[in-house]
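What follows is one structure encoded as structure tokens, with my remarks underneath.
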Amino acid sequence: MPPQATHAILAPSRPDEAASGPALEISGLIKSYAGRRVVDGLTLTLARGEIVALLGPNGAGKTTTIEISEGFRRPDAGTVRVLGLDPLRDAAALKPQIGVMLQDGVGAYTGAKARELLDLFAAYAAHPHDTAELLELVGLSDVAGTQVKRLSGGQRQRLSLALALVGRPALVFLDEPTAGMDPQARRGTWGLISQLRADGVSVVLTTHLLDEAEQLADTIVVINHGRVVATGSPAELVRAGAEGQIRFRAPAGLRLTSLSDALHAGASASEEAPGRYLITGERSPQLLASVAAWCAAQGVFAEDLAVERRTLEDVFLEMTGAELSA
Ligand SMILES: Nc1ncnc2c1ncn2[C@@H]1O[C@H](COP(=O)(O)OP(=O)(O)OP(=O)(O)O)[C@@H](O)[C@H]1O
Ligand SMILES: [Mg+2]
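The numbers in my numbering rise by one with no breaks, and the one at position 2 of the sequence shown is 15.
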């Protein structure tokens, strides 16, 4: 994909309407299938012009939540307001203002050529993007005349993104937008999503790529079993608990009780494998200093001393469990 344009190329068609109230407000949302609750009291808010990333294991309820917000599924209970509107009752007013990239992509229209399909979607919009320009932006100009069914998976995904954007929406829902894309297309799409934000468009995206969420999102919402289990900026989530780890190598059999005594309350030392030591506790200069001081007092040279930061992946696995679930 080409570098992103710097002017407000993706700005909503009716920017004046993108001014007040949250872009998306979901409260106490409940949805069951065959008596099984897949969305279970979910509540979240997306401020206008921001990007929220929904993270969660397979089956957590992300797509269900998004499709209810798009007006494709009916909730059992709870309220959903999209740009201040009810997705079912106000569907006619809402549809022109939102862009939708479904998880399963463009499947149904496979006989049409990429450009034809985009032109068709543009014809339904009041103030569509220039379709040639949009194809260029998503890197599909070279295959504009190719039938959708002949496009590669990643190209189809990019077409699906173009279809979501062609009507100049104020809010876009991107369900796993970069799934199946090569690294270049993924970077290009990240650029495009950042450009959306810069142009005042609000974005809801789901992803299984934690670096994608970390790069793009203002707010990350972690969902498990249909419930929000954590919310915050990427930095806040990683900081939460401020837990850290210090590792070092030294001769096997150091006296761990003596080492633990030298650390502040709440920190502890263990020997993970012979000669490999792990200190866990609140990341602080004092913790690092007390480990080094203890080693110095014992005449121990700590090799490969490393302070490890919690990653978003650590947080995610803690919140949602590391085991596979249905
Ligand atoms: N139409 C349906 N009928 C019955 N069950 C459904 C239906 N749609 C979704 N489900 C179930 O609801 C649960 C949540 O599905 P959903 O697609 O929302 O998950 P998700 O978080 O998007 O997962 P993934 O990361 O795999 O895309 C799953 O257990 C799924 O099997
Ligand atoms: Mg999904």
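In this text, a Cβ means the ideal position worked out from N, Cα and C, and glycines have one as well.
Next item on the list: Return yes when the C-beta of T76 is under 6 Å from any heavy atom of ligand 1, and no when it is not.
Entry: Residue numbering aside, residue 76 sits at position 63 when the sequence shown is read from its first letter. Checking the Cβ of T76 against ligand 1 gives yes.
Notebook entry, point to check: Taking the DSSP output, what are the residues bridged to Q160?
Noted result: The residue labelled residue 160 in the question sits at position 147 within the sequence shown. Answer is K126.
Note to self: So the candidates are E38, T293 and G62; which of them puts its Cα closest to the Cα of L276?
What the structure shows: Mapped onto the sequence shown, residue 276 falls at position 263. That would be T293, whose Cα lies nearest to the Cα of L276.
Check: How would you call F329, buried or exposed, if buried means at least 16 neighbouring beta carbons within 10 angstroms?
Finding: Residue 329 sits at position 316 when you count from the first residue of the sequence shown. It is buried - the Cβ of F329 has at least 16 other Cβ atoms within 10 Å.
Item checked: Of the listed residues T159, T270, G54 and Q110, nearest to T77 (C-alpha basis) -> Residue 77 sits at position 64 when you count from the first residue of the sequence shown. Checking every option, the nearest Cα to that of T77 belongs to G54.
Item checked: Range of the contiguous beta strand (DSSP E) that encloses R252 -> Here residue 252 refers to the residue found at position 239 of the sequence shown. Premise fails: R252 lies in the alpha helix (DSSP H), P247 to R252, not in any beta strand (DSSP E).
Next item on the list: Give, in chain order, every unbroken run of the alpha helix (DSSP H) that is at least 4 residues long and sits entirely within the region 216-250.
Entry: 223-229
Next item on the list: May I ask you to check if the CB of A192 is nearer than 6 Å to at least one heavy atom of ligand 1?
Entry: As a position in the sequence shown, residue 192 is number 179, starting the count at 1. Because no heavy atom of ligand 1 lies under 6 Å away, the Cβ of A192 does not count as near it: no.
Checklist line | Three-state secondary structure (DSSP) of M114 | finding: As a first step, residue 114 must be located in the sequence shown, where it is residue number 101. Residue state, collapsed to three classes: strand.
Check: Where S283 and A104 are concerned, what is the direct C-alpha to C-alpha distance, given to the nearest angstrom?
Finding: By one-based count along the sequence shown, residue 283 stands at place 270. By one-based count along the sequence shown, residue 104 stands at place 91. So the two alpha carbons sit approximately 58 Å from each other.
Item checked: Proximity of F261 and A310 at Cβ, strictly below 7 Å -> Walking along the sequence shown from the start, residue 261 turns up at place 248. Walking along the sequence shown from the start, residue 310 turns up at place 297. Cβ distance not < 7 Å, so F261 and A310 don't count as in contact.
Check: So what does DSSP say about Q168, is it helix, strand or coil?
Finding: The sequence position of residue 168 within the sequence shown is 155, counting from 1. Residue state, collapsed to three classes: helix.
Notebook entry, point to check: Hey, would you say the C-beta of Q311 is under 6 Å away from at least one heavy atom of ligand 2?
Noted result: Along the sequence shown, read from residue 1 onward, the residue named residue 311 stands at position 298. No, ligand 2 has no heavy atom inside 6 Å of this Cβ.
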